[in-house]
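Written below as structure tokens is the structure these notes are about.
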């Protein structure tokens, strides 16, 4: 079974390397503007990851690269800088996230940097309706909107791009192969960067992601607060509620996220 899996991955990688891609080499003007707007300098691992991504984009082959890094390590910034390279060539780039909350977070991170670079940005999720959605679809189709962030709404049939060249998929394990490929197929020989915050041992990476090159972010930009993760049994739910109440009383903001297997209008109404 393992041998068959590795053989299949080897064939997939060989096929990808044979496929003609696009040489995406920008002049750096947009990236320079975005970097100037950053409140911190890139870490050494961010710089290295960006070099690896740039090399893939300039190679003329079809890029499929996994970017792995803990929460707060700066994956979104690296994705944006790579997306701006595609825009510098005159093409478009898109980032797809598995939930509306994540898409909104990415949008809020990217928006000020895109504005500093003077690049139009659209947010497209299931909540986008009416005029806002129509304007976003028109901008993507005629090429006036160069960057887009959204959910699986991006793969709907009515979403068209003038020249999509670079695709970023966040938490890629939350999407099926069909969704990732459907989005990439909206462009011509589009490069793909997939991101995950899940720590993946090297042996598992080789087994599960043998068809991808891998870049890792091993440090966080200075000034980032440490992430404190705790697992609490359901029997102690009252303590969690009390803890949330204490934080709210101090003026803090609290997000209580409950998993939803399938989106529905009923689920949204209940929220």
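In this note's numbering, the protein residues as written are 134 to 404.
A virtual CB, placed ideally from N, CA and C, is assigned to each residue, including glycine.
As the structure is a prediction and not an experimental result, all values here were calculated from the model.
Exposed unless 16 or more other CB atoms sit within 10 angstroms - verdict on residue i
i: residue 186; result: buried
i: residue 390; result: exposed
i: residue 243; result: buried
i: residue 267; result: exposed
i: residue 318; result: exposed
i: residue 363; result: exposed
i: residue 202; result: buried
i: residue 370; result: exposed
i: residue 215; result: buried
i: residue 376; result: exposed
i: residue 353; result: buried
i: residue 173; result: exposed
Cβ neighbours of residue i in the same chain (closer than 8 angstroms, five flanking residues each side left out)
i: residue 249; result: 166, 167, 169, 170
i: residue 316; result: 227, 229, 287, 288, 300, 302
i: residue 336; result: Summary for residue 336: the model assigns pLDDT 48, below 50, so the residue's position carries little reliability; its value from the coordinates is reported in the next sentence. Cβ within range, chain order: n/a, list empty.
i: residue 159; result: 217, 218, 219, 220, 221, 222
i: residue 360; result: 203, 204, 205
i: residue 245; result: 170
Proximity to residue i [Cα-Cα], best of the options
i: residue 270; options: 329, 181, 291, 218; result: 291
i: residue 191; options: 378, 153, 285; result: 153
i: residue 302; options: 379, 282, 289, 224; result: 282
i: residue 272; options: 323, 225, 326; result: 225
i: residue 177; options: 348, 251, 198, 157; result: 348
i: residue 213; options: 194, 275, 327, 355; result: 327
i: residue 330; options: 205, 375, 380; result: 205
i: residue 193; options: 172, 182, 156, 223; result: 156
i: residue 184; options: 257, 245, 350; result: 350
i: residue 388; options: 189, 235, 161, 174; result: 235
i: residue 304; options: 357, 294, 231, 247; result: 231
Beta-carbon separation (whole angstroms), residue i vs residue j, contact threshold 8 angstroms
i: residue 252; j: residue 163; result: 6 angstroms
i: residue 314; j: residue 196; result: Rounded, the Cβ-Cβ distance is 14 angstroms, inconsistent with contact.
i: residue 211; j: residue 179; result: 6 angstroms
i: residue 297; j: residue 320; result: 3 angstroms
i: residue 259; j: residue 284; result: 6 angstroms
i: residue 200; j: residue 208; result: 6 angstroms
i: residue 274; j: residue 295; result: 6 angstroms
Cβ-based neighbour list, residue i, same chain, cut-off 7 angstroms, excluding 5 preceding and 5 following
i: residue 220; result: 163, 226, 252, 279, 280
i: residue 373; result: 365
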